[in-house]
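Note sheet for the following structure.
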Amino acid sequence: MHVSSLAGEVLQRLLGERIVNDATMQHLKGVLDLLRQIDEAQQTIAYYEQERQDIFQRQQHLQQQSAPLCTGDDKGALRQRYVVTLARLKDQVAWIDAAIAEQQALIQKLYVQVELSLHCLH
């Protein structure tokens, strides 16, 4: 059985029951920490993806509201506010996309560290 196929709970039990020696225990604790960091990054991505979806819905709503507005006095000012808000939301989406990419890169890096750590156990 490969350690990488074990759930975090099983690893915790191995550590708690002292089934492995101290050096292996420390190594497995490091693997558990890496897996925890991966889980946190995945949760962060899920949060950002929900935020992005919410922004897309707001953008769609604003676009629908601004479409029938003419460039007249009051309506032109309101339309301009919608345009500014849409631009701000577009910037937020760009920031979220960059943050998601950063988290994905972190996850890849952590998986490499997990694989290297597990390889050292052999």
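Under my numbering, the letters of the sequence shown match residues 30 to 151, in that order. Even glycine gets a Cβ: it sits at the ideal position worked out from N, Cα and C. In this text the structure is predicted, and so the values were computed from the model without any measurement.
**OP:** Between the Cα of Gln66 and those of Cys149, His148, Leu139 and Ala134, spot the shortest distance and give me the residue it belongs to.
**Re:** Translated into positions along the sequence shown, residue 66 becomes position 37. Checked all of Cys149, His148, Leu139 and Ala134; the closest Cα to Gln66 is Leu139.
**OP:** Would you check whether the ligand COA has a heavy atom nearer than 8 Å to the C-beta of Val112?
**Re:** Judged by which ligands are present, the structure shown has none, so any question about the ligand COA falls away.
**OP:** Would you mind stating whether Ile125 and Arg87 have Cβ atoms separated by less than 9 Å?
**Re:** Here residue 125 refers to the residue found at position 96 when the sequence shown is read from its first residue. Here residue 87 refers to the residue found at position 58 when the sequence shown is read from its first residue. No. Outside cutoff.
Subject >> Own chain partners of Ile28 with C-beta closer than 8 Å, once the 5 adjacent residues on each side are dropped >> reply: What is shown of the chain runs 30 to 151, which leaves residue 28 out entirely.
Original post:
Is the beta carbon of Gln71 sitting closer than 9 Å to the one on Gln132?
Top reply: In the sequence shown, the residue the question calls residue 71 occupies position 42. In the sequence shown, the residue the question calls residue 132 occupies position 103. Closer than 9 Å, so yes.
**OP:** Grab the span of the alpha helix (DSSP H) containing Leu91 for me, first residue to last.
**Re:** As a working mapping, residue 91 is identified with position 62 in the sequence shown. Asp51 to Ser95 is the extent of the alpha helix (DSSP H) around Leu91.
Subject >> Simplified DSSP assignment, three categories, for Glu131 >> reply: Taking the sequence shown and counting its residues from 1, one reaches residue 131 at position 102. Helix at Glu131.
Subject >> Straight-line Cα distance separating Ala134 from Leu61 >> reply: Within the sequence shown, the letter at position 32 stands for residue 61. Within the sequence shown, the letter at position 105 stands for residue 134. If you take the alpha carbons of Leu61 and Ala134, they lie about 19 Å apart.
Subject >> Nearest-angstrom Cα separation, counted from Val141 out to Leu64 >> reply: As a position in the sequence shown, residue 64 is number 35, starting the count at 1. As a position in the sequence shown, residue 141 is number 112, starting the count at 1. Using only the alpha carbons, I get a separation of about 11 Å.
Subject >> Contacts around Gln137, its chain only, beta-carbon distance under 6 Å, and the 5 residues preceding and following it disregarded >> reply: As a first step, residue 137 must be located in the sequence shown, where it is residue number 108. Closer than 6 Å at Cβ, skipping near neighbours: no residue.
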